[in-house]
Amino acid sequence: MEASAAGRARRGWRRARDAGSPLSRAAVLLFLSAFLVRAPPSVGYLVRLPRAFRLTQDTVKIVGSSNFPVKVYVMLHQRSPHVLCVTQRLRNAELIDPSFQWHGPKGKIVSENTTAQITSTGSLIFQNFEESMSGIYTCFLEYKPTVEEIAKNLELKYIIYAYREPHYYYQFTARYHAAPCNSIYNISFEKKLLQILSKLVLDLSCEISLLKSECHHVKMQRAGLQNELFFTFSVSSLDIEKGPKPCTEHNCESSNRLSKAKNLIERFFNQQVDVLGRRAEPLPEIYYIEGTLQMVWINRCFPGYGMNILQHPKCPECCVICSPGSYNSRDGIHCLQCNSSLVYGAKACL
Numbered sequence: 001m002e003a004s005a006a007g008r009a010r011r012g013w014r015r016a017r018d019a020g021s022p023l024s025r026a027a028v029l030l031f032l033s034a035f036l037v038r039a040p041p042s043v044g045y046l047v048r049l050p051r052a053f054r055l056t057q058d059t060v061k062i063v064g065s066s067n068f069p070v071k072v073y074v075m076l077h078q079r080s081p082h083v084l085c086v087t088q089r090l091r092n093a094e095l096i097d098p099s100f101q102w103h104g105p106k107g108k109i110v111s112e113n114t115t116a117q118i119t120s121t122g123s124l125i126f127q128n129f130e131e132s133m134s135g136i137y138t139c140f141l142e143y144k145p146t147v148e149e150i151a152k153n154l155e156l157k158y159i160i161y162a163y164r165e166p167h168y169y170y171q172f173t174a175r176y177h178a179a180p181c182n183s184i185y186n187i188s189f190e191k192k193l194l195q196i197l198s199k200l201v202l203d204l205s206c207e208i209s210l211l212k213s214e215c216h217h218v219k220m221q222r223a224g225l226q227n228e229l230f231f232t233f234s235v236s237s238l239d240i241e242k243g244p245k246p247c248t249e250h251n252c253e254s255s256n257r258l259s260k261a262k263n264l265i266e267r268f269f270n271q272q273v274d275v276l277g278r279r280a281e282p283l284p285e286i287y288y289i290e291g292t293l294q295m296v297w298i299n300r301c302f303p304g305y306g307m308n309i310l311q312h313p314k315c316p317e318c319c320v321i322c323s324p325g326s327y328n329s330r331d332g333i334h335c336l337q338c339n340s341s342l343v344y345g346a347k348a349c350l
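Residue numbers (the UniProt record's numbering): 1 to 350.
Right, dumping it as structure tokens:
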């Protein structure tokens, strides 16, 4: 099947070359279609995680401070680290008759709570962290340094934030030598190109979206005016588009699948260059212009979340839930100021 599709394309070029005329519209589309069946599977992939947020012993068990509230970041729908009701100084010290009491945004937390657990040593653990759990948590610790001394009291504050991985995608731009800008051939070619790209990444559960397609007249130094198609399209993960859900082995690898899709798309355009380089004039009426494929990695946050390296230096590439006094109504990357917003995760300024 592969040899048949590529062979038909080559025979079409030879007939056009022998006749001394440009390739027909059908031959152009056949030429483009041949790459889909010839593209080999991608190998290797790039894992993208927040660069400055690593799972270390310090983040698994977080201690408090008597001087300032400690910020804690918990991925949405995931188990939280252990939030300890001690300071770094008291962490390895002997505490006589310690008692712990936790209070959160909704009042006192009891150990029988189904979503939050308080261990026998006073650590707070969330089993399935939700947006509504974000807020200020206070632990009251009472203990004796020695049996003879009187009891001491300590109040520790934590600000616990839900966070999510960014909604990220690749954006590509590519240019094609085109038929006259008012030609219906350009529209047919555009549809065929999108169909092929979509099939190319379908098995990776990725989606191709056309962002912009424009035909322009470009003045070349030696070739005069040329018609060129400017394509801008994106490839994104279908899993991410469905919004928040528990992270499993399948849908946590969206960055891996996106990287594989990127490799397939780059190979597809490189193959077009290789095929054109092996044939004689005349060139087809519509063909990819070598070196014009450009790609950028774009991060976006879901509504109610944003990135802020100054406010959240320990999680600079995380989409952290917007604090009271801010909001994000769209898939931007920042929480905007809104003095009337009094909740975490505001999606509108009311």
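Built from N, CA and C at the ideal position, the CB exists for glycine as well.
The model shown is predicted, which means the values in this text are computed figures rather than measured ones.
Exercise for the section: Determine the extent of the beta strand (DSSP E) in which G135 is found, giving its start and end residues. Expected result: Against the sequence shown, residue 135 aligns to sequence position 135. Unbroken beta strand (DSSP E) run through G135: G135 to K144.
Practice task
Give me the Cβ distance between R300 and E228, rounded to the nearest whole Å; I'm assuming they're in contact under 8 Å.
Solution key: Numbered from its first residue, the sequence shown carries residue 300 at position 300. Numbered from its first residue, the sequence shown carries residue 228 at position 228. That belief does not hold up - the Cβ atoms of R300 and E228 are roughly 29 Å apart, past 8 Å.
Handout entry: Simplified DSSP state of Q101, which is helix, strand or coil
Key = Counted from its first residue, the sequence shown places residue 101 at position 101. Reduced to three states, the DSSP call for Q101 is strand.
Practice task
Taking K157 as part of the alpha helix (DSSP H), name the residues at either end of that continuous run.
Solution key: The residue you call residue 157 lines up with position 157 of the sequence shown. That residue, K157, is in no alpha helix (DSSP H); its beta strand (DSSP E) goes K152 to R164.
Handout entry: Backbone secondary structure at L76 - three-state DSSP
Key = Taking the first residue of the sequence shown as 1, we reach residue 76 at position 76. Reduced to three states, the DSSP call for L76 is coil.
Exercise for the section: For S213, write down the residues that DSSP places opposite it in a beta bridge. Expected result: For the purposes of this step, residue 213 is taken as residue 213 along the sequence shown, with counting starting at 1. F231.
Handout entry: Three-way DSSP call (helix, strand, coil) for N270 in this model
Key = Numbered from 1 along the sequence shown, position 270 holds the residue referred to as residue 270. Looking at N270 - three-state DSSP - the assignment turns out to be helix.
Problem - Burial state of residue 376 (16 or more Cβ within 10 Å) - result: The displayed coordinates of the chain run from 1 to 350. Any statement about residue 376 would go beyond what the structure contains.
Problem - F233 and S259 closer than 8 Å at C-beta - result: Along the sequence shown, one-based indexing puts residue 233 at 233. Along the sequence shown, one-based indexing puts residue 259 at 259. It is not a contact, given that the beta carbons lie outside the stated cut-off.
Problem - 7 Å Cβ shell around L336 - same chain, five flanking residues per side excluded - result: Along the sequence shown, one-based indexing puts residue 336 at 336. If we look at L336 and ignore the five residues flanking it on each side, its Cβ neighbours are S326, Y327 and N328.
Exercise for the section: Let me know if E281 comes out buried or exposed under the rule of 16 or more other beta-carbons within 10 Å of its beta-carbon. Expected result: As a first step, residue 281 must be located in the sequence shown, where it is residue number 281. Exposed: under 16 other Cβ atoms inside 10 Å.
Problem - Beta-carbon gap between V86 and G104 smaller than 8 Å - result: As a working mapping, residue 86 is identified with position 86 in the sequence shown. As a working mapping, residue 104 is identified with position 104 in the sequence shown. Their beta carbons are not under 8 Å apart, which means V86 does not touch G104 by this criterion.
Handout entry: Environment of A178 [buried if 16+ CB atoms lie within 10 Å]
Key = As a first step, residue 178 must be located in the sequence shown, where it is residue number 178. Classification for A178: buried.
Exercise for the section: Could you tell me which residues DSSP pairs with F172 in its beta bridges? Expected result: Taking the first residue of the sequence shown as 1, we reach residue 172 at position 172. Paired residues: F233 and M295.
Handout entry: Of the listed residues S205, Q171 and L211, nearest to E190 (C-alpha basis)
Key = The count along the sequence shown starts at 1 and reaches residue 190 at position 190. Measuring from the Cα of E190, the nearest candidate turns out to be L211.
Problem - E130 versus C315: straight-line alpha-carbon distance, rounded - result: As a first step, residue 130 must be located in the sequence shown, where it is residue number 130. As a first step, residue 315 must be located in the sequence shown, where it is residue number 315. E130 and C315: Cα-Cα distance of roughly 18 Å.
Problem - Contacts around L197, its chain only, beta-carbon distance under 6 Å, and the 5 residues preceding and following it disregarded - result: Position 197 of the sequence shown, counted from the first residue, corresponds to residue 197. Around L197: I208.
Handout entry: Anticipated Cβ contact below 8 Å, G320 with Y169, distance rounded
Key = Stepping through the sequence shown from its first residue, residue 320 is reached at position 320. Stepping through the sequence shown from its first residue, residue 169 is reached at position 169. Correcting the residue type first, residue 320 is Val in the shown sequence and not Gly. V320 to Y169, Cβ: 20 Å. No contact.
Practice task
Measure the alpha-carbon distance for W297 versus S255 and round it to whole angstroms.
Solution key: Counting from one through the sequence shown, the residue named residue 297 turns up at place 297. Counting from one through the sequence shown, the residue named residue 255 turns up at place 255. Going by the C-alpha atoms only, they are around 11 Å apart.
Exercise for the section: Taking F302 as part of the beta strand (DSSP E), name the residues at either end of that continuous run. Expected result: If you number the sequence shown from 1, residue 302 lands on position 302. Premise fails: F302 is in no beta strand (DSSP E) and is neither H nor E.
Problem - Local conformation of Y327 per DSSP, three classes - result: The residue you call residue 327 lines up with position 327 of the sequence shown. Three-state DSSP puts Y327 in a strand.
Exercise for the section: Determine, using beta carbons only, whether K262 and M295 come nearer to each other than 8 Å. Expected result: Translated into positions along the sequence shown, residue 262 becomes position 262. Translated into positions along the sequence shown, residue 295 becomes position 295. Cβ distance < 8 Å, so K262 and M295 count as in contact.
Exercise for the section: For Q88, collect the residues of the same chain with a Cβ closer than 7 Å to its Cβ; drop the 5 residues on either side in sequence, then sort them by chain order. Expected result: Taking the sequence shown and counting its residues from 1, the one referred to as residue 88 is at position 88. Excluding positions up to five away in sequence, the list reads V63.
Exercise for the section: Count the other C-beta atoms from every protein chain shown that fall within 10 angstroms of the C-beta of F268, then say buried if there are 16 or more, exposed otherwise. Expected result: By one-based count along the sequence shown, residue 268 stands at place 268. It is buried - the Cβ of F268 has at least 16 other Cβ atoms within 10 Å.
Handout entry: Per-residue burial, V83 [other beta carbons within 10 Å of its own, 16 or more giving buried]
Key = Here residue 83 corresponds to residue number 83 of the sequence shown, with the count starting at 1. V83 should be labelled buried.
Practice task
Find the nearest neighbour of K106 within the set T292, N339, Q117 and M133, judged by alpha-carbon distance.
Solution key: Position 106 of the sequence shown, counting from 1, holds the residue named residue 106. K106 has its Cα closest to that of M133, out of T292, N339, Q117 and M133.
Exercise for the section: Determine the direct distance from the alpha carbon of L156 to that of F172, and round the result to whole angstroms. Expected result: Here residue 172 refers to the residue found at position 172 when the sequence shown is read from its first residue. Here residue 156 refers to the residue found at position 156 when the sequence shown is read from its first residue. So the alpha carbons of these two residues sit roughly 49 Å apart.
Exercise for the section: Identify which residue in K71, V60, N67 and S66 has its Cα closest to the Cα of P313. Expected result: Counting from one through the sequence shown, the residue named residue 313 turns up at place 313. The option with the nearest alpha carbon to P313 is K71.
Problem - Candidates L310, D97 and S237, of which the one nearest G122 by Cα - result: Numbered from 1 along the sequence shown, position 122 holds the residue referred to as residue 122. Out of L310, D97 and S237, D97 has the C-alpha closest to the C-alpha of G122.
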